[in-house]
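Using our numbering, read the sequence shown as starting at 42 and increasing by one per residue.
Read the structure below first, then the notes.
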Amino acid sequence: MLLAATFTTGCMHQPGGIAPSTKPLAPGGYTELGKVRGQDCVYHLLGLIPVTGGNEMRNAVEDALRMKPLADALVEVTVDGYFQYFILFSRACTQVYGTAVETK
């Protein structure tokens, strides 16, 4: 039984994209606040039936911005996605990494 469970689980990591910022910024028109990471996930029952909403990049960006209360944009943005499959459920997530900034 344990051997069968091992073969029905797994994960996959998928690189996403890279962007200079989440909104247009003038050079020197912002103050860096520090590195942040945000994510948004969706869960599926039996790998097919969604039981939550989510897995949207805009929600992951909002999650990252919440880490720095004064932040209103991200610079040096990268996005990754990953999937985890288990016997009864699966999870798909979008992760956003970047530097939080406050515009002047």
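Glycine is no exception: its CB is placed at the ideal position from the N, C-alpha and C atoms.
Taking each of A114, V83 and R99 in turn and checking the Cα distance to T93, the smallest one comes out for V83. Note that the stretch 131–141 touches the stretch 110–123; at least 3 beta-carbon pairs, one per stretch, sit closer than 8 Å.
Taking A67 as the centre and dropping the five residues before and after it, the same chain places no C-beta closer than 6 Å to its C-beta.
Boundaries of the alpha helix (DSSP H) around M98: M98 to L106. Straight-line spacing of the CA atoms in P110 and I59 works out to 23 Å.
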